[in-house]
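Student:
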Amino acid sequence: MNYEELKKQTNRGWNTWNTLNVLSYSHLPEGFTVNLCIREYSETKVLRESLIGRNGEYDEKIFPSSRSYDGSVTSLKLTFHELELDVKTVADNDEQIIMIEPLKHGLRIPTLIIEACLLWGKEGYIGKKDGKIFGVCGDRRFDIYTTAEQVNEQHTHSLSPYIAVKLDRKFVISTRPCSVEEAETLYAAAKAKLDGENARYGVHSEAYTAMKTCLAWDTVYECEHDRVCSPVSRIWNIGWGGYVLFDWDTYFASLMASEENKELAQLNAIAITEEVTENGFIPNFGSANDSKSRDRSQPPVGSYVCMEIYRKWPEKWFLEHVFPTLLSWNRWFAAHRMTKEGYMCWGSDPFEPVNGRYWEANNVDCTFAGALESGLDNSPMYDGRGYDKERHIMLLADVGLMGLYILDCRSLAEIAKTVGREDVVSEIEERKTFVEKALETLWDDSFGLYLNKDLSDGTLSKRISPTNFYALQSDLVTEDKKRRMMDGHFYNPDEFWGDYIIPTIARNDPAYPDQTYWRGRIWAPTNFLVYIAMKHAGLKKECDDLAKKSEELILKEWRLHGHVHENYSGDDGMGCGVNNSDKFYHWGGLLAYIAIDNDRNKQ
31 MNYEELKKQT NRGWNTWNTL NVLSYSHLPE GFTVNLCIRE YSETKVLRES LIGRNGEYDE
91 KIFPSSRSYD GSVTSLKLTF HELELDVKTV ADNDEQIIMI EPLKHGLRIP TLIIEACLLW
151 GKEGYIGKKD GKIFGVCGDR RFDIYTTAEQ VNEQHTHSLS PYIAVKLDRK FVISTRPCSV
211 EEAETLYAAA KAKLDGENAR YGVHSEAYTA MKTCLAWDTV YECEHDRVCS PVSRIWNIGW
271 GGYVLFDWDT YFASLMASEE NKELAQLNAI AITEEVTENG FIPNFGSAND SKSRDRSQPP
331 VGSYVCMEIY RKWPEKWFLE HVFPTLLSWN RWFAAHRMTK EGYMCWGSDP FEPVNGRYWE
391 ANNVDCTFAG ALESGLDNSP MYDGRGYDKE RHIMLLADVG LMGLYILDCR SLAEIAKTVG
451 REDVVSEIEE RKTFVEKALE TLWDDSFGLY LNKDLSDGTL SKRISPTNFY ALQSDLVTED
511 KKRRMMDGHF YNPDEFWGDY IIPTIARNDP AYPDQTYWRG RIWAPTNFLV YIAMKHAGLK
571 KECDDLAKKS EELILKEWRL HGHVHENYSG DDGMGCGVNN SDKFYHWGGL LAYIAIDNDR
631 NKQ
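Note that my numbering has the sequence shown beginning at 31, numbered continuously upward.
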């Protein structure tokens with residue numbers, strides 16, 4: 031197996047591959063697509079793109095239900111003005127079957143526009159004859175059938191052949207003749223199989239379903255590189271011109287997928303690794319038309335994730351594929367973000383713009399850019415910090431980065447041994463030891479925690495966040511220090527403990543009441559990184575407590591709205607209520623992954 035073979039193996043079949051519309055069903059590799067649009071007459075707008083999680087008052091609202099990764103079974107409910115729809119799909123012998131059930135409508139019965147089209151520049155043609163639409167692509171012909179009554183609706187804005195049908199009763203759209211009764215039977219069987227797969231997670235099956243459902247709906251076909259991958263959400267893709275992959279977000283997507291889907295795990299890990307810049311590091315983001323953050327990286331979690339994938343799915347070719355880039359990234363951090371004392375600082379290097387986009391010309395080589403590299407964009411930890419324009423680093427020795435770099439070195443050394451690169455193991459382990467020794471100088475014995483150090487004046491900062499616990503990745507942390515960190519800070523209700531944990535700045539910090547983004551809200555990735563640090567340190571009770579509360583947090587909004595949020599309130603555990611918490615952002619699923627992994631770790 032190699033990457034090209036993996037892509038050929040996975041770029042196939044029916045799925046919601048089109049990032050623009052979750053009511054769009056495409057077949058790969060041909061690109062033939064059945065695209066559904068809605069004409070609701072109480073408003074003049076035609077709903078051409080249905081997306082999970084839009085916030086506008088008059089946008090569609092979608093409640094996504096459990097679905098499979100491969101698109102063999104999907105389900106969602108949609109509300110658009112006065113219309114409510116239930117949409118279920120099932121794939122049967124490589125034929126797509128879509129079951130539509132109107133639940134409610136306004137004064138006039140709405141119309142569904144069924145378009146046939148070819149996406150992503152694929153070759154073939156679409157036609158309409160005798161009221162039927164079809165496509166011919168390569169060696170295959172696709173015909174569209176429906177049990178619904180056709181109507182004449184010309185105000186559609188459609189640019190390809192279509193038919194229009196009434197949304198007045200349950201009906202089927204399919205690529206072979208199929209009755210409603212047959213569709214219901216096929217769907218019920220496929221749904222039972224899916225439920226059985228999810229039920230394997232026992233008491234965590236509901237949380238697992240939330241994690242899997244979000245990740246599966248966020249998985250699309252990315253045409254520029256001819257690959258399947260899982261961007262953070264479809265809404266973000268549209269805002270970035272086609273697709274965007276963020277560094278730690280995408281590695282975490284691959285980790286979550288690895289629970290049952292080896293191919294998707296490998297695809298995502300390779301996709302973000304191959305966004306590597308000319309200078310050898312994984313960028314903060316890589317997006318359409320070679321747009322990348324060539325000035326900055328993000329938290330170095332790639333080696334850890336890739337090794338975890340290999341533990342579950344031990345295929346050496348995968349590690350051999352990613353290892354050279356992971357090694358260059360580890361070396362880049364040492365060369366560009368490490369001081370001679372072994373401290374590590376976030377930063378941003380100047381570079382020549384490629385596309386002229388905003389992030390190439392703005393917020394580069396400054397404190398805010400360094401904060402963006404941390405992934406904790408507006409964290410109060412970085413308020414007012416100095417910046418060194420010569421070394422291109424924030425003047426703050428960062429405990430979180432040092433803990434993650436120690437983890438990266440440990441994981442990378444293990445990968446090197448696995449792929450037969452013993453020649454670089456000592457080099458990697460020497461860097462790990464160097465940073466661990468430097469980290470020890472950041473211990474504040476009176477405060478009982480490893481603290482960030484202002485390199486302008488040498489003071490230690492008591493503006494603390496969950497990243498201070500990443501120090502537990504170091505093998506030099508004593509049992510006494512572990513206990514003081516946990517009892518004095520993790521379990522301290524004035525700082526991090528509470529009904530909902532872990533807020534991204536201590537509760538007694540002046541910025542905590544802001545409750546916006548990284549200023550006091552709870553984020554799944556920081557919970558997860560604290561969890562694996564605790565796990566490395568052997569803190570079993572703490573892992574249990576964090577796992578329990580993380581699972582409760584994701585289930586709260588999943589049960590209410592079917593949401594898996596980008597971040598959650600530190601006060602009431604809700605994701606909604608702010609405009610900068612995407613409702614279907616896949617790394618929210620890490621809250622479920624923590625609970626699943628914690629139980630597995632006990633076995």
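From the three backbone atoms N, C-alpha and C, an ideal C-beta is built for every residue, glycine too.
1. Going straight from the alpha carbon of GLY154 to that of PRO191, what length do you get?
2. How far does the alpha helix (DSSP H) with ILE130 in it extend, from its first residue to its last?
3. Going by the CB atoms, is the gap between GLY433 and ALA563 shorter than 8 Å?
4. Where ASN408 and THR397 are concerned, what is the direct C-alpha to C-alpha distance, given to the nearest angstrom?
5. For GLN503, count the other beta carbons within 10 Å of its own beta carbon; 16 or more makes it buried, fewer makes it exposed. Which is it?
6. Is the Cβ-Cβ distance between ILE174 and ILE143 less than 8 Å?
7. Find the nearest neighbour of ASN385 within the set THR463, TRP270, TRP343, judged by alpha-carbon distance.
8. State buried or exposed for ARG461, treating a residue as buried only when at least 16 other CB atoms are found within 10 Å of its CB.
9. Just reading off the alpha helix (DSSP H) that ASN298 is part of, what are its end residues?
10. What number of angstroms, rounded off, separates the C-alpha of VAL560 from the C-alpha of ARG78?
11. Look up ILE82 in the DSSP assignment and say whether it is helix, strand or coil.
12. Please determine, among GLU211, SER80, ASP89, ALA194, the residue with the shortest C-alpha to C-alpha distance to MET129.
13. Rounded to a whole number of angstroms, what is the C-alpha to C-alpha distance between ALA213 and VAL120?
14. Hey, quick one: how far does the alpha helix (DSSP H) through ASP575 stretch, first residue to last?
15. How many Å lie between LYS447 and VAL455 at the Cα?
16. How many Å lie between PHE526 and ALA554 at the Cα?
17. With a threshold of 6 Å on Cβ separation, who are the neighbours of SER98 within its own chain once the five nearest residues in sequence on each side are excluded?
18. Does the pairing of the segment 425-439 with the segment 366-374 give three or more beta-carbon distances under 8 Å?
19. Where are the alpha helix (DSSP H) runs, 4 residues long or more, that stay fully inside the segment 494-538, in chain order?
20. I need the straight-line Cα distance from GLU457 to GLY332, nearest angstrom please.
21. Can we say the segment 572-582 touches the segment 615-624, given the rule of at least three CB pairs closer than 8 Å?
22. Skipping 5 residues on each side, what residues in its chain have a beta carbon closer than 6 Å to that of MET411?
23. Whole angstroms are fine: how far does the CA of GLU73 sit from the CA of ILE135?
24. Distance check for HIS616 and TYR388, CA to CA, integer angstroms please.
25. Quick check: the segment 96-116 against the segment 35-49, are there 3 or more CB pairs under 8 Å?
26. Given GLY550, which residues of its chain have a CB within under 6 Å of its CB, disregarding the five upstream and five downstream residues?
27. Out of VAL335, GLU304, PRO330, point me to the one whose CA is closest to ASP320's CA.
28. Would you say ASN291 touches the ligand HEM, meaning its beta carbon is less than 7 Å from a heavy atom?
29. Three or more beta-carbon pairs under 8 Å between the segment 233-241 and the segment 626-633, yes or no?
30. Per DSSP, which residues does THR104 bridge with? Please list them.
31. In whole angstroms, what separates the C-alpha of LEU245 from that of ALA287?
32. Measuring straight from C-alpha to C-alpha, what distance separates GLY414 and GLU452?
33. Below 8 Å between beta carbons: does that hold for CYS439 and GLU459?
34. Please identify the residue among LYS570, LEU50, ASN522 whose C-alpha is closest to the C-alpha of GLY16.
35. Report all residues from its chain with a CB closer than 7 Å to the CB of PHE477; omit the five preceding and five following residues, and keep chain order.
36. Which residue from ASN610, ARG630, HIS593, ALA299 puts its Cα closest to that of ILE92?
Tutor: A quick look at the data gives this:
1. For this step, residue 154 is matched to residue 124 along the sequence shown. For this step, residue 191 is matched to residue 161 along the sequence shown. Distance between the alpha carbons of GLY154 and PRO191: 14 Å.
2. What you label residue 130 is simply residue 100 of the sequence shown in a count that begins at 1. Looking at the DSSP string, ILE130 is not in any alpha helix (DSSP H); the run it does join, the beta strand (DSSP E), is 125-134.
3. In the sequence shown, counting from the first residue as 1, residue 563 sits at position 533. In the sequence shown, counting from the first residue as 1, residue 433 sits at position 403. In this structure, ALA563 places its C-beta atom within 8 Å of the C-beta atom of GLY433.
4. In the sequence shown, the residue the question calls residue 408 occupies position 378. In the sequence shown, the residue the question calls residue 397 occupies position 367. In this structure, the straight-line span from the alpha carbon of ASN408 to that of THR397 is close to 11 Å.
5. Numbered from 1 along the sequence shown, position 473 holds the residue referred to as residue 503. It is buried - the Cβ of GLN503 has at least 16 other Cβ atoms within 10 Å.
6. The residue you call residue 174 lines up with position 144 of the sequence shown. The residue you call residue 143 lines up with position 113 of the sequence shown. No, these two residues do not count as a Cβ contact at 8 Å.
7. What you label residue 385 is simply residue 355 of the sequence shown in a count that begins at 1. Of THR463, TRP270, TRP343, the residue nearest in Cα terms is TRP270.
8. As a working mapping, residue 461 is identified with position 431 in the sequence shown. With 16 or more Cβ atoms within 10 Å of its Cβ, ARG461 is classed as buried.
9. As a working note, residue 298 is residue 268 in the sequence shown. DSSP places ASN298 in the uninterrupted alpha helix (DSSP H) bounded by 292-303.
10. Working through the sequence shown from its first residue, we reach residue 560 at position 530. Working through the sequence shown from its first residue, we reach residue 78 at position 48. Taking the straight line joining both Cα atoms gives about 42 Å.
11. Residue 82 sits at position 52 when you count from the first residue of the sequence shown. Secondary structure of ILE82 (DSSP, three-state): coil.
12. As a working note, residue 129 is residue 99 in the sequence shown. Minimum Cα distance to MET129 is reached at GLU211.
13. Looking up residue 213 in the sequence shown gives position 183. Looking up residue 120 in the sequence shown gives position 90. Their Cα atoms are separated by approximately 8 Å.
14. Here the question's residue 575 lines up with position 545 in the sequence shown. Element bounds for ASP575: 570-591.
15. Translated into the one-based positions of the sequence shown, residue 447 becomes position 417. Translated into the one-based positions of the sequence shown, residue 455 becomes position 425. For LYS447 and VAL455, the distance between alpha carbons rounds to 7 Å.
16. Along the sequence shown, one-based indexing puts residue 526 at 496. Along the sequence shown, one-based indexing puts residue 554 at 524. If you take the alpha carbons of PHE526 and ALA554, they lie about 14 Å apart.
17. Along the sequence shown, one-based indexing puts residue 98 at 68. Hits under 6 Å: LEU224.
18. A contact exists between the segment 425-439 and the segment 366-374.
19. DSSP runs (the alpha helix (DSSP H)) wholly in the segment 494-538: 509-515.
20. In the sequence shown, residue 457 corresponds to position 427, counting from 1. In the sequence shown, residue 332 corresponds to position 302, counting from 1. As the crow flies, the alpha-carbon of GLU457 is around 18 Å from that of GLY332.
21. With the cut-off at 8 Å, the segment 572-582 and the segment 615-624 touch.
22. Within the sequence shown, numbered from 1, the residue matching residue 411 stands at position 381. Result list for MET411: ARG493, SER495, in chain order.
23. As a first step, residue 135 is located in the sequence shown; it is residue number 105 there, counting from the start. As a first step, residue 73 is located in the sequence shown; it is residue number 43 there, counting from the start. Correcting the residue identity first, residue 135 is His in this sequence and not Ile. Counting only the Cα atoms, GLU73 lies some 12 Å from HIS135.
24. Start at 1 with the first residue of the sequence shown, and residue 388 comes out as number 358. Start at 1 with the first residue of the sequence shown, and residue 616 comes out as number 586. Between the alpha carbons of TYR388 and HIS616 lies a distance of about 25 Å.
25. Between the segment 96-116 and the segment 35-49, the count of C-beta pairs closer than 8 Å reaches three or more; the two stretches touch.
26. Here residue 550 refers to the residue found at position 520 of the sequence shown. Cβ neighbours of GLY550 beyond the five flanking positions: PRO533, ILE535, TYR542, ASP544, GLY600.
27. To locate residue 320, count along the sequence shown from 1; it is residue 290. The residue with the shortest Cα to Cα distance from ASP320 is GLU304.
28. Looking for the ligand HEM in the displayed structure turns up nothing, as the structure carries no ligands at all.
29. Using a Cβ-Cβ distance cut-off of 8 Å, the segment 233-241 and the segment 626-633 are in contact, since at least three pairs of beta carbons, one from each stretch, lie closer than that value.
30. By one-based count along the sequence shown, residue 104 stands at place 74. Paired residue(s): THR119.
31. Against the sequence shown, residue 245 aligns to sequence position 215. Against the sequence shown, residue 287 aligns to sequence position 257. Looking at the two C-alpha atoms, the distance is approximately 8 Å.
32. Within the sequence shown, numbered from 1, the residue matching residue 414 stands at position 384. Within the sequence shown, numbered from 1, the residue matching residue 452 stands at position 422. Taking the Cα positions, GLY414 is about 43 Å away from GLU452.
33. Start at 1 with the first residue of the sequence shown, and residue 439 comes out as number 409. Start at 1 with the first residue of the sequence shown, and residue 459 comes out as number 429. Yes. Within cutoff.
34. Coverage of the chain is limited to positions 31 through 633, which leaves residue 16 absent and any answer about it impossible.
35. If you number the sequence shown from 1, residue 477 lands on position 447. Within the same chain, PHE477 has close Cβ partners LYS492.
36. Within the sequence shown, residue 92 is the residue found at index 62, counting from 1. Nearest of ASN610, ARG630, HIS593, ALA299 to ILE92, Cα basis: HIS593.
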